[in-house]
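Peer 1: Those sequence lines, one after another, are chains A and B.
For the first sequence, the UniProt record's numbering assigns the number 1 to the initial residue and increments by one for each residue that follows.
For the second sequence, the UniProt record's numbering assigns the number 1 to the initial residue and increments by one for each residue that follows.
Have a look at this one before I ask anything.
There are 2 protein chains.
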Amino acid sequence: MAAAAPSFCPNRTISLSTPSHNHNQLTSLHSLRRFSVSSSSISSRCRLLFDSNNRILTPTVKASAAATPVMDQPTSSSSSAVPTTVDVDLGDRSYPIYIGSGLLNQPDLLQRHVHGKQVLVVTNSTVAPLYLDKTIWALTDKNPNIKVESVILPDGEQFKNMETLMKVFDKAIESRMDRRCTFVALGGGVIGDMCGYAAASYLRGVNFIQIPTTVMAQVDSSVGGKTGINHPLGKNMIGAFYQPQCVLIDTDTLNTLPDRELASGLAEVIKYGLIRDAKFFEWQEKNMHALLARDPNAFAYAIKRSCENKAEVVSLDEKESGLRATLNLGHTFGHAIETSSGYGHWFHGEAVAAGTVMAVDMSYRLGWIDDSLVKRVDMILQQAKLPTTPPEAMTVEMFKSVMAVDKKVADGLLRLILLKGPLGNCVFTGDYDRKALDDTLHAFCKS
Amino acid sequence: MAAAAPSFCPNRTISLSTPSHNHNQLTSLHSLRRFSVSSSSISSRCRLLFDSNNRILTPTVKASAAATPVMDQPTSSSSSAVPTTVDVDLGDRSYPIYIGSGLLNQPDLLQRHVHGKQVLVVTNSTVAPLYLDKTIWALTDKNPNIKVESVILPDGEQFKNMETLMKVFDKAIESRMDRRCTFVALGGGVIGDMCGYAAASYLRGVNFIQIPTTVMAQVDSSVGGKTGINHPLGKNMIGAFYQPQCVLIDTDTLNTLPDRELASGLAEVIKYGLIRDAKFFEWQEKNMHALLARDPNAFAYAIKRSCENKAEVVSLDEKESGLRATLNLGHTFGHAIETSSGYGHWFHGEAVAAGTVMAVDMSYRLGWIDDSLVKRVDMILQQAKLPTTPPEAMTVEMFKSVMAVDKKVADGLLRLILLKGPLGNCVFTGDYDRKALDDTLHAFCKS
Ligand SMILES: NC(=O)c1ccc[n+]([C@@H]2O[C@H](COP(=O)([O-])OP(=O)(O)OC[C@H]3O[C@@H](n4cnc5c(N)ncnc54)[C@H](O)[C@@H]3O)[C@@H](O)[C@H]2O)c1
Ligand SMILES: NC(=O)c1ccc[n+]([C@@H]2O[C@H](COP(=O)([O-])OP(=O)(O)OC[C@H]3O[C@@H](n4cnc5c(N)ncnc54)[C@H](O)[C@@H]3O)[C@@H](O)[C@H]2O)c1
Ligand SMILES: [Zn+2]
Ligand SMILES: [Zn+2]
């Protein structure tokens, strides 16, 4: 199937990766308008996205053009490279996302966001040998007053729990970290979510910096302030909305990432295209093989566009009243897969990929999308080497029991993100024919 | 010593308990001006309290006069009584505090703040037999659609920990509580702090109502949004700033409170007078015996004035950048006592009382206050049947080691709340002679 992939075209990419501010603004307004709400009970919950004249509020995300466009940026670890910056505008909790190659070689980027004299780097046993020394160097270079401690957690989703979280608190308290300290998350989404929740809770909130090192974390989990841990009965049930001081994305860290992890992150990239950015989806269809080949320029663009999409949505709906929920396309089915297969067996993005196929199938059964879109989704996920069906062992009952405790259940009604209309349009709704959900579950489960 | 207490004078009280809005506004501006900042490193952290012209920002707390002044309010459980309301103004997180006798007999007060269909009442094994049925009745009366669950935690500060917190999450998840559910804290400060942190964290934040049932909780812990749990190495180290939808204070619940618990809460009432409200302190000197005799009108006034003081401070400085820290008079010494004596042996207010005496002693050694104030503080605490010295077993070293990890340490410097000037004035500062601290510690410890 990789043979069918269109070739990666740098020219085309350059024009997309350096949008003018106005163009950007238009694009995002445009994608917002396409977010329609089909259930009346939902529309009242989305009110905050519209002003009193029912006009859609202006999105507040600005992508500041880098001095050099992404495609021309040196892929070497040049310490003078100017990072691409995506600003997440959340009033007094706004923060920049720096994206680029070799950013961990630029100490100033990190140091300008550390206010006190104490830093706690939270990482895991896989990432520590790869990037901990470099991170500590970046924090301390020409900055002798800073005291950096680190805590190395065991690696894996199964450790994203209260017990492991306590190890972060133990270390912080033993090291006498005070209110002005900064917690730095160095790792994938598991580390980012745990460190963020620890930062939100330690002394009722300390500074926090994200250094995401997986595709999943760079395009999704490090942006937007959702933090948390799992409960034995459900994923991400305990947590906080807590924004970092900055997100530093050094794309070089992807060089050590296993293929399967890389693909897992691409599931979220594909998601942004499907829910709100048709052009980005089309770009992905043409450039998927470049992403799989870890072309740094393709990645820089994919990360930038993903962060812009996520930042826009988050700026408009920080606490997930409506719009933000659309980022969970495929996630309700996906969470059921993750929970039932036991954390860690299926990667988050893999579960989301299979879940996306199920959501798309259901959208088609409801008559909301064309056959051709179903095929394109299946095709791009396969190209990305992602699963398009749930594990064989999953039953309809397993899906139903997990989905009943999903966070998107409100007053007993399960709301889902479904595609509706041409590519790039979705709805978040509890107003659908229950039979379509049943049919989808039965179509994807043996029993 | 109770014999020396001046008699309770209803006339005098009435005039104080029904201040006009303007008077109130003036008082609070006045007390703010008296909050001086003596360390330059601190003043920069207090900036948010002043506008760009360095004028003090207008306080935003309004006490709405009850239809009947507090002193005339019926002490019976009349369901038609109009509660005294103190509004805590925090923008879109503002909320009312209802104060009065028999408020749990007025279902509407609670029900207007429950938005979804699911409620989880969090209480403990002591309070449940006393008030759980009544609370459930108030939530469900003429409201058949509501589903109320409850979780009864073991009683005691030693259970204010992660393990007990998990029981709240377990119950919430087992009961399939969704994002629109409401957590209700029914109990003292331990329950309020734990339930609040659980509400802040469950599904990254659900609605939350406080029904405080101790003096401590009614005058202090239920107001202001500080929530949290203890860590084996320190009190309240893990938590969140999280505001409730409302606080419902039914003063009738104090009738079942043990004497020692009642006295413990009075330590915080006395604190408000000392740090910012000289008139209130003078009122307490005259009416302490009425409070100890549980005179409901005296209590209604003391609670109202305490909530107003706290609400004013919190409105101006929600996240404790400076001003709010003054609420911790006596608490740094007090926390050392609580931690060293093992949670639960000394009550919070008892430790605060002894800590207040130590802070006052140190203020006097620094030459910041008169001898007469030292005596008045000692006198009123003794009248309130509160301890005025730390436990015999405490050493200077025990104090120092706990104080070194206090939350008010910033970049290694321990800042303290100390009295300075006439009654009602305090400072929060790290700029004091270390010898005075040493002398105080040695004066109160045998070794
Ligand atoms: N907060 C959010 O908004 C959000 C969004 C999406 C996902 N998530 C969460 O993120 C988690 C999944 O994140 P993930 O996919 O990054 O998983 P992960 O954090 O477990 O990382 C995947 C694996 O890659 C390893 N790794 C990380 N960086 C590496 C590198 N540069 N080189 C080599 N190995 C590296 C990790 O040690 C781990 O073994 C889930 O817990 C999910 O719930 C959160
Ligand atoms: N969040 C804040 O801003 C803040 C402020 C001050 C104190 N606190 C916290 O509050 C806690 C202390 O609160 P507390 O003094 O209320 O202690 P508590 O909650 O332990 O209550 C004291 C005792 O009284 C019992 N009780 C409660 N209500 C009763 C009633 N109506 N009748 C009979 N018994 C009753 C309780 O079961 C308990 O045994 C500490 O953990 C402290 O850290 C928090
Ligand atoms: Zn995801
Ligand atoms: Zn206190």
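Here a beta-carbon is modelled for each residue, glycine too, at the ideal position from N, C-alpha and C.
Quantities reported herein were computed from a predicted structural model and do not represent experimental measurements.
#1: What does the alpha-carbon distance come out to for the pair Y364 (chain B) and D370 (chain B)?
#2: Restricting to runs no shorter than 4 residues, where is the alpha helix (DSSP H) found entirely within the segment 211-293 of chain B?
#3: Cβ of V190 (chain B) versus every heavy atom of ligand 4: is any distance shorter than 6 Å?
#4: Kindly indicate if chain B contains any beta-carbon less than 7 Å away from that of F159 (chain A).
#5: For the beta strand (DSSP E) that contains L139 (chain B), what are its first and last residues?
#6: Kindly indicate which three-state DSSP category Y432 (chain B) falls into: helix, strand or coil?
#7: What in chain B is Cβ-close to Y202 (chain A), meaning under 8 Å?
#8: Check whether the Cβ of M216 (chain A) sits closer than 6 Å to any heavy atom of ligand 1, and report yes or no.
#9: Between M216 (chain A) and G189 (chain A), which are expected to be in contact by the criterion C-beta below 8 Å, what is the C-beta distance as a whole number of angstroms?
#10: Would I191 (chain B) pass as an interface residue toward chain A - the criterion being a Cβ-Cβ separation below 7 Å?
#11: Closer than 6 Å by C-beta to I275 (chain A): which residues in its own chain qualify, once you throw out the five before and the five after it? Chain order, please.
#12: What is the residue span of the beta strand (DSSP E) that P296 (chain B) lies within?
#13: Given 6 Å as the limit, tell me if V184 (chain B) has its C-beta closer than that to any heavy atom belonging to ligand 2.
#14: Verify the contact flag: V122 (chain A), CB atom, against every heavy atom of ligand 4, threshold strictly below 6 Å.
#15: According to the Cβ coordinates, are M362 (chain A) and A436 (chain A) closer than 7 Å?
#16: Can you give me the C-alpha to C-alpha distance between V247 (chain B) and Y301 (chain B), rounded to a whole angstrom?
#17: Can you look up L373 (chain A) in the DSSP assignment and give me helix, strand or coil?
#18: From the DSSP output, in three-state form, read off L130 (chain B) for me.
#19: Of all Cβ atoms in chain A, is any one closer than 7 Å to the Cβ of H231 (chain B)?
#20: Starting from M162 (chain A), find everything on chain B with Cβ-Cβ shorter than 8 Å and list it in chain order.
#21: Nearest chain A C-beta to D178 (chain B) closer than 7 Å, yes or no?
#22: Of the residues B:V396, B:K147, B:D89, B:E268, which one's Cα is nearest the Cα of S221 (chain B)?
#23: By Cβ distance below 8 Å, which residues in the same chain neighbour L153 (chain B) in space, the five residues on each side in sequence not counted?
#24: Less than 7 Å between the beta carbons of T395 (chain B) and S341 (chain B), yes or no?
#25: Looking at the structure shown, is K167 (chain A) part of a helix, part of a strand, or coil, going by DSSP?
#26: In whole angstroms, what is the alpha-carbon distance linking Q118 (chain A) and P144 (chain A)?
#27: Is it buried or exposed for W368 (chain A), if we count other Cβ within 10 angstroms and need 16 for buried?
#28: Would I337 (chain B) pass as a contact of A311 (chain B) if the rule is Cβ separation under 7 Å?
#29: Compare the C-beta of E234 (chain A) with all C-beta atoms of chain B and state if any pair is closer than 7 Å.
#30: Counting only beta-carbon separations shorter than 7 Å, does I173 (chain A) have a partner in chain B?
#31: Checking the sheet assignment: what are the DSSP bridge partners for L441 (chain B)?
#32: In chain A, which residues lie with their C-beta within 8 Å of the C-beta of G205 (chain B)?
#33: When we look at the beta-carbon of E320 (chain B) and count the other beta-carbons within 10 Å, is it buried (16 or more) or exposed?
#34: Interface residues of chain A around F169 (chain B) at Cβ under 8 Å?
#35: Please identify, using Cβ separations under 9 Å, the residues of the UniProt domain "3-dehydroquinate synthase C-terminal" (265-409) of chain A that lie next to chain B, in order along the chain.
#36: May I ask whether a heavy atom of ligand 4 can be found less than 6 Å away from the beta carbon of V119 (chain A)?
Peer 2: Reading off the structure:
#1: Straight-line Cα distance between these residues: approximately 7 Å.
#2: Whole alpha helix (DSSP H) segments, 4+ residues: 259-276, 278-292.
#3: Distance from the C-beta of V190 (chain B) to the nearest heavy atom of ligand 4 is not below 6 Å.
#4: Taking Cβ atoms only, chain B never reaches closer than 7 Å to F159 (chain A), which makes this a no.
#5: Here L139 (chain B) belongs to no beta strand (DSSP E); instead the alpha helix (DSSP H) covers 133-140.
#6: In this structure, Y432 (chain B) counts as coil in the three-state DSSP scheme.
#7: Going along chain B in sequence order, the residues near Y202 (chain A) (Cβ under 8 Å) are M237, I238.
#8: M216 (chain A) has its CB nearer than 6 Å to a heavy atom of ligand 1.
#9: Between G189 (chain A) and M216 (chain A) the Cβ distance is about 5 Å, and since that is below 8 Å, they are a contact.
#10: By the rule that beta-carbons nearer than 7 Å mark a contact, I191 (chain B) does not touch chain A.
#11: When the five nearest sequence neighbours on each side are left out, the beta carbons in the same chain lying within less than 6 Å of the beta carbon of I275 (chain A) are those of T326, L329, C426, in order along the chain.
#12: P296 (chain B) -> not in any beta strand (DSSP E); alpha helix (DSSP H) instead, spanning 296-316.
#13: Not under cutoff, so the answer is no.
#14: No, Cβ of V122 (chain A) sits at least 6 Å from all heavy atoms of ligand 4.
#15: A contact, by the Cβ cut-off of 7 Å.
#16: Approximately 16 Å, taken between the alpha carbons.
#17: Correct three-state label for L373 (chain A): helix.
#18: Three-state DSSP puts L130 (chain B) in a helix.
#19: Residue-level contact check: H231 (chain B) touches chain A, since one or more beta carbons of chain A fall below 7 Å from its beta carbon.
#20: In chain order: M162, M166.
#21: For D178 (chain B), the answer is yes, since a Cβ of chain A falls inside 7 Å of its Cβ.
#22: In this structure, B:E268 is the residue among B:V396, B:K147, B:D89, B:E268 with its C-alpha nearest to the C-alpha of S221 (chain B).
#23: Once the five neighbours on either side are set aside, the close Cβ partners of L153 (chain B) are V122, T123, N124, S125, F159, T164, K167, V168, I191, M194.
#24: With contacts defined as CB atoms closer than 7 Å, T395 (chain B) and S341 (chain B) fail to qualify as a contacting pair.
#25: Secondary structure of K167 (chain A) (DSSP, three-state): helix.
#26: P144 (chain A) has its alpha-carbon roughly 11 Å from the corresponding atom of Q118 (chain A).
#27: Buried: at least 16 other Cβ atoms inside 10 Å.
#28: No, Cβ-Cβ distance for I337 (chain B) and A311 (chain B) is not below 7 Å.
#29: Looking at the sequence shown, residue 234 (chain A) is not Glu but Gly. Interface residue, yes.
#30: Yes, contact with chain B.
#31: DSSP, once it has assigned bridges, lists no residue as partnering L441 (chain B).
#32: Simply A240, F241, K319.
#33: Its Cβ being crowded by 16 or more others within 10 Å, E320 (chain B) is buried.
#34: Within chain A, the residues near F169 (chain B) are H231, M237, I238.
#35: The residues in question are K319, E320, A404, V405, D406, K407, K408, V409.
#36: In this structure, the C-beta of V119 (chain A) stays at least 6 Å away from each heavy atom of ligand 4.
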